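J.: Quick one: this structure, given as structure tokens, is what I'll be asking you about.
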Amino acid sequence: MSFIRFSRVSIALVVMVVGALAVQSMEERRASTRASKRLMNEFKQFHESDSYKNGVFTVELVDGNIYLWDIKLFKVDPDSRLYKDFQAWKERTGKDHILLRAAYYDDYPFAPPYVQLIYPILDGLTFGYICSELLTKSGWSSAYTIEPLVLQIATILSIRSVSLVQDNQRYSFDKNGRSGYQDFMNLVHPEFYTQNNM
117 MSFIRFSRVS IALVVMVVGA LAVQSMEERR ASTRASKRLM NEFKQFHESD SYKNGVFTVE
177 LVDGNIYLWD IKLFKVDPDS RLYKDFQAWK ERTGKDHILL RAAYYDDYPF APPYVQLIYP
237 ILDGLTFGYI CSELLTKSGW SSAYTIEPLV LQIATILSIR SVSLVQDNQR YSFDKNGRSG
297 YQDFMNLVHP EFYTQNNM
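This is the structure we're talking about:
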């Protein structure tokens, strides 16, 4: 009798767990579909933008993955600290752009993408992390799209200088690096984080 009661309880628990997983899976699919649609729309709209038409930067999917974008920044503010270094770096290396990579997740556009500098190595930029509240939940707005995001990042980078001793080096990228970035930012800029934004 106790075995039958135990079996019924076990079956009920299994049914509850499977049901909860099915609901969770459905929610994840909805979030994934929402993020994918938004990203496809942004990718299309970018190719109609002034930044694209004027050759400021380009966006390419990495291996056809809508959640992983390479951003090639070709123009920086000519009055910035970075501009002169960037021109010299281009001559030394033959590269004509600054490379950023953005990883998007299923919670996009309600949470920011993880954006990291790949090259060149810039002085004061640990791990290629871009220190900006814009890239944290507290500073992010779902209204942002790729164009204003990259233009804001370009402004942030413009105060940096190219590391002269690391011309052919690059920062390594981990598409799951968002948690490491958040930990780093929480350490160096705890004011960007509150209990509600973690």
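Just add 116 to wherever you are in the sequence shown, counting from 1, and you've got my numbering.
Idealized CB from N, CA, C, for every residue including glycine.
Values in this document were obtained by computation on a predicted structure and should not be read as measured data.
#1: Measure the alpha-carbon distance for residue 286 versus residue 238 and round it to whole angstroms.
#2: Assuming residue 74 and residue 244 are in contact, meaning their beta carbons sit under 8 Å apart, how far apart are those beta carbons, in whole angstroms?
#3: If we ignore side chains and look at the alpha-carbon of each, how far apart do residue 186 and residue 234 end up?
#4: Going residue by residue through the region 162 to 245, where are the continuous beta strand (DSSP E) segments of at least 3 residues, counting only ones entirely within it?
#5: Between residue 197 and residue 277, how many whole angstroms is the CB-CB distance? I'm expecting something under 8 Å.
#6: Of the choices 216, 169, 297, whose alpha-carbon is the least far from that of residue 265?
#7: Relative to the alpha-carbon of residue 223, which residue among 297, 150, 304, 189 has its alpha-carbon at the smallest distance?
#8: Skipping 5 residues on each side, what residues in its chain have a beta carbon closer than 7 Å to that of residue 304?
#9: Is DSSP giving residue 304 helix, strand or coil here?
#10: Please report the residue range of the alpha helix (DSSP H) in which residue 271 lies.
#11: For residue 275, count neighbouring C-beta atoms within 10 Å of its own C-beta (all shown protein chains included) and say buried if the count is 16 or more, exposed if not.
#12: Looking at residue 163: is its Cβ nearer than 8 Å to the Cβ of residue 188?
#13: Can you find the residues in the same chain that come closer than 7 Å, C-beta to C-beta, to residue 173, ignoring five residues on each side of it along the sequence?
#14: I'd like the list of long-range same chain contacts for residue 140, defined as Cβ closer than 7 Å, with 5 residues on each side in sequence excluded.
T.: Short version:
#1: 10 Å
#2: This structure does not reach residue 74, given that the chain is present from 117 up to 314, and the question cannot be answered.
#3: 9 Å
#4: 173 to 178, 181 to 189, 214 to 219, 230 to 235
#5: Contact between residue 197 and residue 277 holds, with the beta-carbon distance rounding to 6 Å and staying under 8 Å.
#6: Among 216, 169, 297, the Cα nearest to that of residue 265 is on 216.
#7: 150
#8: 247
#9: helix
#10: Bounds of the alpha helix (DSSP H) holding residue 271 are 262 to 273.
#11: exposed
#12: no
#13: Its chain contains 167, 187, 188, 189, 190, 266 as the residues whose beta carbon lies nearer than 7 Å to that of residue 173, once the 5 sequence neighbours on both sides are disregarded; these appear in chain order.
#14: Interpretation of residue 140 is limited by its pLDDT of 43, a score under 50 that renders its predicted location unreliable; the figure taken from the coordinates is listed afterwards. Excluding sequence neighbours, residue 140 sits near nothing in its chain.
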